[in-house]
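Peer 1:
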Amino acid sequence: MEMDQLVALCKRRGFLFQSSEIYGGLNGFWDYGPLGVELKRNVREAWWRDMVTAHDDMDTPDGAPCPYEMAGLDCTIIMHPQVWKCSGHYDLFHDYMVDCRESKRRYRHDQVHGRWVEARGQRFFVATQTLGPEGQDEMQHRALKFLGLRAKNAEELAWDGPMVCLTQVDDFSNVLGPDAKTLGTLTEPREFNLMFKTIIGALGGEESAAFLRPETAQGIFVNFKNVIDSTRVKIPFGIAQMGKSFRNEITPRNFTFRSREFEQMEIEFFCHPDQGPAWYKYWRDRRYRWYVELGLAGDRLRLRDHDADELSHYSTGTADIEYAFPFMADGEFGELEGIAHRGDFDLRSHMEGKLVREGDALVVEKDEHGQPRHRGSGRDLSYFDAETKERFVPHVIEPSAGADRATLAFLCEAYCEDEVPDDKGKPTTRTFLKFHPRLAPYKAAVFPLVRKDGMPEVAREIYKQLKPRLNVFYDEKSAVGRRYRRQDEIGTPYCITVDGQTLQDGTVTIRDRDTLEQWRIPKADCAAEIQRRVLGY
Ligand code: ATP
């Protein structure tokens, strides 16, 4: 499948629109249309139900209570600025970027690559954002153009060394920027904080500055004590939150994959330090299984353990669940979710102040006067185990997923084409979205074969029975073959058709989206049958 086909379908059928499209759109922001909102809600609800309200997983590490407890939270998007100072986001959550004075474009420093080349007495670095053979072709074309040469002079170009990242180039005076025609137009790399800043109150100055949260996790840590005190949950237990997060990404791209406003689904799972490694393994496997069960079963999905040098300074284990999105180069994967063993870093940071690593220990970072650089809350966020009489700061396992990236992966995986005969028996290409029934925006569509002979009345009756239980669609317009095709294209798993035989023996046809199999059942059993197939009960 080409990504363009999916993007076009998403727009045509109302899954996704560019935000503020009538004003030319806003880069990095997306609106979910009437079908997209249902799909994403189904992704979020599946996550909340499977992880929080209905979880009954018994396959837990040795000795753990089954099932363990899970609680939910819904915290504010704007939080006390100190939260981000202690969490490290204020100091660390930034990227480096370079601007081009000529093209007025901005690039992430680590996403620009290029090669040194020598020709006609000049040596310069040709920069590009394109990797692989296409990048080489583009660089050759631009190098020749810069020198005023033609394609036939290509052998005059003496390329020096392999493709390297711009971060390895110290002096930009001989760099030809990715969209520039002259040398030396790129500025020095500058830090750029990814948090959106805002001002609280009408008269606010810099002291009233606050940030839109770049992740939902911190709301959980700062409420850890509130949840314990109000619910009496016992360790091990988890707190889940889903909601909007904001990151001022420098290069938003690839449809919704890298947006500036997006939704996260995060769990912080608190356990005894000795049990951290076992729970880390548990969550890593459980979260991977969740995607597989909902349809990402092919080899485009993978679980990748981070190498030791990729781990953050507080993490003893991190794994990513990744998907090979169609817009990525062959062999490349994009992150859907990260699962990290974070130790006691977060709770201790909010107690003591921002932590840094010193040797093997995490210590409070000090300023030039020997005072904590960013003060913690001073609250005691430790846990007292009444049975063992032990007090400790719990360790945390964090499965952190993105609702939009998961939705996009489910859309990509669902996109299928096959060949079927049309109404006149001629083979045509059918496009269908093979969503898991739990995720499909509509669970079933109900059609009368024709708009007469009492068929619409029977069909509406079935529709009315199903509607309070499931999101179903009623359609009596146009030829039935076209109605099937429309439902296939939006991923409706079942179509129920009332026809002439229904009026004689009271049975209706059910058609399966994927196999195109059709079978008859009594109309009175129809609602229960669809519910059982969609919800599993
Ligand atoms: P990336 O390296 O792709 O920027 P990350 O490692 O910064 O991602 P985390 O901070 O671990 O991401 O966030 C957890 C999850 O939130 C990610 O796995 C992803 O699903 C989602 N997410 C993060 N940034 C974005 C974004 N800009 N747009 C959409 N989803 C995002």
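First residue of the sequence shown? That's 2 in our numbering, and the numbers climb one at a time after it. The C-beta atom is built at its ideal place from N, Cα and C for all residues, glycine as well.
Who pairs with Phe474 in a beta bridge, going by DSSP?
Peer 2: The residue labelled residue 474 in the question sits at position 473 within the sequence shown. DSSP lists Ala446 as partners of Phe474.
Peer 1: Go ahead and label Trp280 buried or exposed: buried means 16 or more other beta carbons lie within 10 angstroms of its beta carbon, across all protein chains shown.
Peer 2: Position 279 of the sequence shown, counting from 1, holds the residue named residue 280. With 16 or more other Cβ atoms within 10 Å, it is buried.
Peer 1: Do you know whose CA, among Arg102, Phe94, Leu158, Thr77, lies nearest Arg116's CA?
Peer 2: Translated into positions along the sequence shown, residue 116 becomes position 115. Closest by alpha carbon: Leu158.
Peer 1: DSSP state of Met71, grouped into three classes?
Peer 2: For this step, residue 71 is matched to residue 70 along the sequence shown. Of the three classes helix, strand and coil, the one that applies to Met71 here is strand, per DSSP.
Peer 1: Within 10 Å of its beta-carbon, does Gln518 have 16 or more other beta-carbons around it, so buried, or fewer, so exposed?
Peer 2: Here residue 518 refers to the residue found at position 517 of the sequence shown. Sequence inspection shows Glu at residue 518; the Gln mentioned does not correspond to that position. So Glu518 ends up on the exposed side.
Peer 1: Taking the alpha-carbon of Leu167 as reference, which of Gly122, Ala128, Val535, Ala72 has the nearest alpha-carbon?
Peer 2: As a position in the sequence shown, residue 167 is number 166, starting the count at 1. Of the listed residues, the one whose Cα sits closest to Leu167 is Ala128.
Peer 1: Mind checking whether the beta-carbon of Ser260 lies closer than 7 Å to any heavy atom of ligand 1?
Peer 2: Locating residue 260 in the sequence shown gives position 259, counting from the first residue. Checking the Cβ of Ser260 against ligand 1 gives yes.
Peer 1: Answer yes or no: the CB of Leu312 versus the heavy atoms of ligand 1, is any distance below 7 Å?
Peer 2: Position 311 of the sequence shown holds residue 312. Checking every heavy atom of ligand 1 against the Cβ of Leu312, none is found closer than 7 Å.
Peer 1: Label Pro523 either buried or exposed according to how many other C-beta atoms from any shown protein chain fall within 10 Å of its C-beta, with 16 as the threshold for buried.
Peer 2: Taking the first residue of the sequence shown as 1, we reach residue 523 at position 522. It counts as exposed.
Peer 1: Could you give the distance in angstroms between the alpha-carbon of Trp520 and the alpha-carbon of Arg512?
Peer 2: Indexing the sequence shown from 1 puts residue 520 at position 519. Indexing the sequence shown from 1 puts residue 512 at position 511. Taking the straight line from one Cα to the other gives about 7 Å.
Peer 1: Quick one, are the C-beta atoms of Glu369 and Lys355 less than 8 Å apart?
Peer 2: What you label residue 369 is simply residue 368 of the sequence shown in a count that begins at 1. What you label residue 355 is simply residue 354 of the sequence shown in a count that begins at 1. No, the Cβ-Cβ distance between Glu369 and Lys355 is not below 8 Å.
Peer 1: With a threshold of 7 Å (Cβ to nearest heavy atom), would Phe328 be considered close to ligand 1?
Peer 2: Numbered from 1 along the sequence shown, position 327 holds the residue referred to as residue 328. Not under cutoff, so the answer is no.
Peer 1: Given Glu490, which residues of its chain have a CB within under 8 Å of its CB, disregarding the five upstream and five downstream residues?
Peer 2: Counting from one through the sequence shown, the residue named residue 490 turns up at place 489. Counting only Cβ-Cβ distances below 8 Å, and skipping sequence neighbours, we find Leu10, Arg14, Thr432, Phe433, Leu434.
Peer 1: Measuring from the CB of Glu323, is there a heavy atom of ligand 1 at a distance below 7 Å?
Peer 2: The residue given as residue 323 occupies position 322 in the sequence shown. Answer for Glu323: no, Cβ out of range of ligand 1.
Peer 1: Assuming Val421 contacts Ile497 (C-beta within less than 8 Å), just tell me the rounded distance between them.
Peer 2: Counting from 1 along the sequence shown, the entry for residue 421 is found at position 420. Counting from 1 along the sequence shown, the entry for residue 497 is found at position 496. Incorrect: roughly 19 Å between the Cβ atoms, too far for contact.
Peer 1: Runs of 3 residues minimum, wholly inside the region 146-177: which ones carry the beta strand (DSSP E) assignment?
Peer 2: The qualifying runs are 159-166.
Peer 1: Could you check if Phe540 belongs to the surroundings of ligand 1, using beta carbon to heavy atom distance under 7 Å?
Peer 2: Within the shown structure, residues of the chain are numbered from 2 to 538, placing residue 540 beyond reach of any answer.
Peer 1: Under 8 Å between the Cβ atoms of Val394 and Asp321?
Peer 2: Reading the sequence shown from its first residue, position 393 is the one you call residue 394. Reading the sequence shown from its first residue, position 320 is the one you call residue 321. No, they are not a contact pair.
Peer 1: Please confirm whether any heavy atom of ligand 1 lies closer than 7 Å to the CB of Arg349.
Peer 2: For the purposes of this step, residue 349 is taken as residue 348 along the sequence shown, with counting starting at 1. It does not: the Cβ of Arg349 is nowhere closer than 7 Å to a heavy atom of ligand 1.
Peer 1: Express the C-alpha separation of Val44 and Ala403 in angstroms, rounding to a whole number.
Peer 2: Along the sequence shown, read from residue 1 onward, the residue named residue 403 stands at position 402. Along the sequence shown, read from residue 1 onward, the residue named residue 44 stands at position 43. Note on residue identity: the sequence assigns Gly, not Ala, to residue 403. Going by the C-alpha atoms only, they are around 10 Å apart.
Peer 1: Per the DSSP calculation, Lys524 is bridged to which residue(s)?
Peer 2: On the sequence shown, residue 524 is found 523 positions in, with the first residue counted as 1. DSSP lists no partner for Lys524.
Peer 1: Here's a check: name, in chain order, each residue in its chain whose Cβ is nearer than 6 Å to the Cβ of Leu363, leaving out the five neighbours to either side.
Peer 2: Residue numbering aside, residue 363 sits at position 362 when the sequence shown is read from its first letter. So the list reads Leu356, once near-sequence residues are dropped.
Peer 1: With a 10 Å radius around its C-beta and 16 neighbouring C-beta atoms as the bar for buried, classify Lys465 as buried or exposed.
Peer 2: Taking the first residue of the sequence shown as position 1, residue 465 is located at position 464. The residue in question, Lys465, is exposed, as its Cβ has fewer than 16 Cβ neighbours within 10 Å.
Peer 1: Work out the CA separation of Pro68 and Gln505 for me, nearest whole Å.
Peer 2: In the sequence shown, the residue the question calls residue 505 occupies position 504. In the sequence shown, the residue the question calls residue 68 occupies position 67. Roughly 51 Å separates the two Cα atoms.
Peer 1: What residue ranges within the region 263-319 form continuous beta strand (DSSP E) runs of no fewer than 3 residues, ordered along the chain?
Peer 2: Those beta strand (DSSP E) runs which fall completely within the region 263-319 and span 3+ residues are 302-306.
Peer 1: Does the distance between the C-beta of Ala402 and the nearest non-hydrogen atom of ligand 1 fall short of 7 Å?
Peer 2: On the sequence shown, position 401 is the one that residue 402 refers to. Indeed, a heavy atom of ligand 1 lies less than 7 Å from the Cβ.
Peer 1: Residue range of the beta strand (DSSP E) that His90 falls in?
Peer 2: In the sequence shown, counting from the first residue as 1, residue 90 sits at position 89. Unbroken run through His90 is the alpha helix (DSSP H), 90-93; no beta strand (DSSP E).
Peer 1: Contact defined as beta carbons within less than 8 Å: I believe Ile240 pairs with Leu74. What is the distance between those atoms, to the nearest angstrom?
Peer 2: Counting from one through the sequence shown, the residue named residue 240 turns up at place 239. Counting from one through the sequence shown, the residue named residue 74 turns up at place 73. Sure, about 6 Å apart at Cβ, within 8 Å.
Peer 1: For the region 85-97 against the region 125-141, do three or more pairs of beta-carbon atoms, one drawn from each stretch, fall closer than 8 Å, so that the two count as touching?
Peer 2: Counting Cβ pairs under 8 Å, fewer than three are found: no touch.
Peer 1: Roughly how many angstroms separate the alpha carbons of Lys245 and Ile268, rounded to a whole number?
Peer 2: Locating residue 245 in the sequence shown gives position 244, counting from the first residue. Locating residue 268 in the sequence shown gives position 267, counting from the first residue. The straight-line gap from Cα to Cα measures roughly 15 Å.
Peer 1: Are the beta-carbon atoms belonging to Leu337 and Tyr283 less than 8 Å from one another?
Peer 2: Stepping through the sequence shown from its first residue, residue 337 is reached at position 336. Stepping through the sequence shown from its first residue, residue 283 is reached at position 282. No. Outside cutoff.
Peer 1: So which of Thr186, Val170, Gly122, Val535 has the shortest CA-CA distance to Arg106?
Peer 2: Reading the sequence shown from its first residue, position 105 is the one you call residue 106. For Arg106, the nearest C-alpha among the options comes from Thr186.
Peer 1: With Gln372 as the anchor, note down where its beta strand (DSSP E) starts and where it stops.
Peer 2: As a first step, residue 372 must be located in the sequence shown, where it is residue number 371. Premise fails: Gln372 is in no beta strand (DSSP E) and is neither H nor E.
Peer 1: Using the rule of at least 16 other Cβ atoms within 10 Å of the residue's Cβ for burial, across every protein chain shown, is Ser174 buried or exposed?
Peer 2: On the sequence shown, residue 174 is found 173 positions in, with the first residue counted as 1. By the 10 Å Cβ count, Ser174 comes out exposed.
Peer 1: DSSP three-state label for Phe225, please.
Peer 2: To locate residue 225, count along the sequence shown from 1; it is residue 224. Of the three classes helix, strand and coil, the one that applies to Phe225 here is helix, per DSSP.
Peer 1: Shortest alpha-carbon distance to Ala460 belongs to which of Phe328, Pro373, Gly507?
Peer 2: The residue you call residue 460 lines up with position 459 of the sequence shown. Closest by alpha carbon: Gly507.
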